[in-house]
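Residues 116 to 598 in my numbering are what the sequence shown spells out, letter by letter.
All remarks here apply to the structure that follows.
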Amino acid sequence: MPQNNDPVLDLHEIQGDVLIGLQKNFEDFIFFKILNVPAFKAAMKQHVIGQITTTHEAHDRDQERKMRGKATAPWLGLNVSFTKDGLTKLLGPDRAKLSASFENGAEAASLALNDPPPSTWLSTFTSDTVHGVFFVTGPEETFVTNHSQVLLDHLSDSVKVVYREMGNVRPDAEKGHEHFGFLDGVSQPGIRGLTQRSNPKLEPNQGLSGQDLIWPGEFVFGYPGQDSNDPVKKGPPAMAESWLRNGSFMVFRRLVQLVPEFNTFIKEQADILGTDSELLASRMVGRWRSGAPLLLAPLQDNIALGKDPALNNDFEYGSDPLQRACPYAAHIRKTNPRDDPNQNKAGVQTHRIIRAGIPFGPEVGQDEATVTVRPRGLMFVCYQTSIEQQFEFIQSTWANNIDFVGGKTRPPGRGRGAVTPHFDPIIGQASAREPRSMDEPVSNYPAGDTTSTLVMPNPWVVLTAAAYFFVPSITALREVLMT
Ligand code: N7H
């Protein structure tokens, strides 16, 4: 809750998935096209807007769950957002344009992001214009599908469902882990005005230890963002028309994960490189499967550390200048280089995102020892106020850029040449699908002298659908979009 000079957020206005995340074991993604605008607007006003889960509700539910250790009710979550074509459908062709990336859309961005071409994406997803998406979430699948059906009944033939898919958290001990087996949702930016400080006196600029507090304008329109020269100070709010206030941009990417192929590759390469396969996989991610960061557990997993939110983000990269603990190319070091001495920390804080994805697809079956038979992966969702400076920047300027993070040299005795970290091995994409590399897969912790390279002929994360959305505030829905 707000302290000191924190901004006051309109929690009743911001949709619940943006800053907190809807509580979800199952999430129905309903991508729709609007067929009848007046009927759609009438149904939204009469039946849907009042049901949308706000940040206030999502926050209360989270607090309740933390206090009791479990949910008190089968919580239903509902959010809605619109593509550029959806906004044009609702506001007319003369509507004011939002940012260039949003207006150009994910298909146009695919070339610059080295994505597989849209012609290879799921044909149902690309079969018609997507105007918007509903997220319907809950604790059980039938609960969610029943509520989705009520929603679709209300909207009746004012919409056509273009594509629909159910995301589901993984079962039992794998709950919270993505399909490669790593704990997900560990590092999220803290939000000034929302995230509670665990140690306000000693760490006034952190939520939990190591969780930097970020000004909310990085994620929601209408509030101050980060100052790009000072990691603590507020900067200007993202420029926006007044009706965008309390809204956000959402990036959706359906990422297939080739799990048997990933596991087979890791085992083979560990043998070839003479290293442990679990250590190799962790060096590609930057954390062990438990969530324990390599910066704090460089050589073996520490399960207690992995699951402790008070500890599992309490690290920076300044203490690891030679990538001995964690490779420069590791997924979490590429996508958030934190205080890396070759970066300006304040600048890094202007490229943060809030992630809110969920896995999709079944567990790996016995018939899938080496090759994927049934698709599975991540319904990746992230929130920001600049798609250019946040999601796209992370993907193209950091993950896909073989020279990032730059300015590194080998330790004395191993040559003085510059280090090329190469690709983020998890999400980095090469322009012509050529094999990707990663520097220093073999650990040199605490003082080894091995120069090694991992060559990855094929990606294990494959984009199969993508779209950019605007997530309006409750008032914008009522007073601007549905009038
Ligand atoms: Fe990543 N993975 O299993 O390897 N991610 N990610 N991601 N990711 C993170 O901190 C993964 C993807 C970020 O602040 C963890 O929650 C997989 C995209 C960022 O320290 C794990 C896929 C983008 C962070 C994974 C995938 C990002 C992060 C560690 C795709 C943006 C936080 C747990 C299938 C372009 C970094 C955690 C920080 C963490 C995995 C996608 C970004 C385990 C499998 C597309 C910013």
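Cβ coordinates follow ideal geometry from the N, Cα and C atoms, glycine included.
Distances between the C-beta of Gln510 and the heavy atoms of the ligand N7H include at least one below 7 Å. Of the residues assessed, Glu172 falls on the buried side of the cut-off, its CB having 16 or more other CB atoms within 10 angstroms. Inclusion of Ile542 in the 7 Å shell around the ligand N7H follows from its C-beta lying nearer than that to a non-hydrogen atom of the ligand. Straight across, the Cα-Cα distance linking Thr235 with Ala580 is about 9 Å. Using a 10 angstroms sphere on the CB of Asn314, the tally of other CB atoms stays under 16, which defines it as exposed.
Checking the DSSP bridge columns, you'll see Tyr498 partnered with Met365 and Ile469.
Taking 3 residues as the shortest admissible run, the segment 324-354 contains the following complete beta strand (DSSP E) segments, listed from N- to C-terminal end: 339-342 and 345-352. If you ignore the 5 residues before and after Gly389, its C-beta comes within less than 8 Å of the C-beta of Val557, all in its own chain and listed in chain order. Of the heavy atoms belonging to the ligand N7H, none sits nearer than 7 Å to the Cβ of Gln499.
Contact between Pro477 and Arg489 holds: CB atoms are separated by about 5 Å, below the 8 Å threshold. For Met553, the secondary structure class from DSSP, reduced to helix, strand or coil, is strand. For Ser434, the secondary structure class from DSSP, reduced to helix, strand or coil, is coil. The shortest CA-to-CA distance from Leu193 to any of Glu179, Lys199, Phe141 and Thr598 is the one to Phe141. Of the heavy atoms belonging to the ligand N7H, none sits nearer than 7 Å to the Cβ of Thr579. With fewer than 16 other CB atoms across the displayed protein chains lying within 10 angstroms of its CB, Gly532 is exposed. Annotation: the continuous alpha helix (DSSP H) that includes Phe217 extends over Ala215 to Ala224. Phe377 and Asp539 have their C-alpha atoms some 14 Å from each other. Exclusion of the five residues before and after Leu409 leaves Ser397, Arg398, Gly401, Arg402, Trp403, Ala440, Cys441 and Ala445 as the residues of its chain whose Cβ lies within less than 8 Å of its Cβ.
The continuous stretches of beta strand (DSSP E) do not include Arg183, which lies in the alpha helix (DSSP H) extending over residues Thr170 to Arg183. Checking the 7 Å criterion, the Cβ of Ser392 is out of range of every heavy atom belonging to the ligand N7H.
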